[in-house]
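The structure under discussion appears below in the form of structure tokens.
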Amino acid sequence: TTKQLIMSEKLAAIGEITAGVAHEINNPIAVIQGNLEVLRMLLGDHAKVASTEIRLIDEQVDRINQIVMKLLQFAKPDEYAGYADRHAPDEVISDCLPLVRHLLRKTDIEVVREATASRLVLMNRTELQQVLINLIVNAIHAMPGGGTLTMKTWDMNKEDVAGVSIEISDTGVGMSADVIARIFDPFYTTKSRQGTGLGLSITQTLVSRQGGDIKVESIEGTGTVFTIWLPENA
Ligand code: ADP
Numbered sequence: 440t441t442k443q444l445i446m447s448e449k450l451a452a453i454g455e456i457t458a459g460v461a462h463e464i465n466n467p468i469a470v471i472q473g474n475l476e477v478l479r480m481l482l483g484d485h486a487k488v489a490s491t492e493i494r495l496i497d498e499q500v501d502r503i504n505q506i507v508m509k510l511l512q513f514a515k516p517d518e519y520a521g522y523a524d525r526h527a528p529d530e531v532i533s534d535c536l537p538l539v540r541h542l543l544r545k546t547d548i549e550v551v552r553e554a555t556a557s558r559l560v561l562m563n564r565t566e567l568q569q570v571l572i573n574l575i576v577n578a579i580h581a582m583p584g585g586g587t588l589t590m591k592t593w594d595m596n597k598e599d600v601a602g603v604s605i606e607i608s609d610t611g612v613g614m615s616a617d618v619i620a621r622i623f624d625p626f627y628t629t630k631s632r633q634g635t636g637l638g639l640s641i642t643q644t645l646v647s648r649q650g651g652d653i654k655v656e657s658i659e660g661t662g663t664v665f666t667i668w669l670p671e672n673a
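For the sequence shown, full-length UniProt numbering assigns the number 440 to the initial residue and increments by one for each residue that follows.
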């Protein structure tokens, strides 16, 4: 439809501008990071005095870097596409868990796994990891008061195409129908300070590029279930 056409043109324009801005931000960030290292060396013994401040600057520069990477990936998904090969989804999930351990530490969240998939999925490993981490981090954010984070995998065919389903669910805050309708929109976030609103948009792009899909079911106050399906072959 015309509306969809205008929307996709708008998104393309946003993508161009975003990519340009992100590239521009990369240079000053590199200079700040380089000079932080120099400062550390120059301070030598005095480094202890300023270590908290330097660490804070370092962390925040890191955060800017992550946002810029997300923006670039959102704006130019094909340019940042990695080479796809086959992976056991449960192995990749196992790789992700250490990366979110620091988020789990302060919470009362129980992690439950049900790994039954025997097939491999075709996807770039880093991208698959990113998809899973996006969903896992969202699930953790949804359970500030604790709960259960469940990760299941099983072999599944879709229209005679062999693949694997991966379910990531939480017993967290859930979402209203209005929120569900917008979660895959770029820059849509309900996390005022912490969120970029790009996680699910990128996740959807990466999954559908492999011929897969992503579905969500959620009940406010009860929890959310995200299910991605990925084919075994191209
Ligand atoms: P961000 O996490 O930066 O906000 P996302 O694109 O990953 O961006 O998510 C968009 C929004 O979808 C979130 O701000 C949140 O409102 C909602 N959301 C995503 N996952 C969940 C979840 N598991 N439970 C409740 N809400 C969620």
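We treat Cβ as the ideally placed atom computed from N, Cα and C, and that holds for glycine.
Inter-residue spacing [alpha-carbon to alpha-carbon] between residue 698 and L511 = Past the edges of the chain, shown from 440 to 673, lies residue 698, and the structure says nothing about it.
Cβ contact (3+ pairs, closer than 8 Å) linking the stretch 652-671 and the stretch 601-612 | Taking a contact to require three or more Cβ pairs closer than 8 Å, the stretch 652-671 and the stretch 601-612 qualify as touching.
At a cut-off of 6 Å, is T491 close to the ligand ADP when judged by its beta-carbon and the heavy atoms of the ligand?
-> For the ligand ADP, not one heavy atom lies less than 6 Å from the Cβ of T491.
Hey, is the stretch 570-588 in contact with the stretch 632-650, meaning 3+ C-beta pairs nearer than 8 Å?
-> The stretch 570-588 is in contact with the stretch 632-650.
Using beta-carbon positions only, say whether L561 and R525 come within less than 7 Å of one another.
-> Yes, these two residues count as a Cβ contact at 7 Å.
Among G636, Q649, D617, which has the Cα closest to the Cα of I658?
-> Here the closest residue by C-alpha is D617.
Please report how far the alpha carbon of M480 lies from the alpha carbon of T491, in whole angstroms.
-> Cα-Cα distance, rounded: 15 Å.
Where DSSP assigns a beta bridge to L669, which residues make up the other side?
-> L669 is bridged by DSSP to V603.
Grab the span of the beta strand (DSSP E) containing S657 for me, first residue to last.
-> Note, S657: beta strand (DSSP E), 652-658.
Closest to D517 by CA distance: which of Q649, A578, W593, I532 is it?
-> For the residues Q649, A578, W593, I532, the minimum Cα distance to D517 belongs to Q649.
Would you give the residue range spanned by the beta strand (DSSP E) that E549 belongs to?
-> Per DSSP, the continuous beta strand (DSSP E) segment holding E549 begins and ends at 548-554.
Kindly examine the ligand ADP and report whether one of its heavy atoms sits closer than 6 Å to the Cβ of L444.
-> Because no heavy atom of the ligand ADP lies under 6 Å away, the Cβ of L444 does not count as near it: no.
Go to R525, then tell me how far its beta strand (DSSP E) extends in each direction, as first and last residue.
-> Where R525 is concerned, the enclosing beta strand (DSSP E) stretches over 524-526.
Mind checking whether the beta-carbon of D609 lies closer than 6 Å to any heavy atom of the ligand ADP?
-> Yes, the Cβ of D609 comes within 6 Å of a heavy atom of the ligand ADP.
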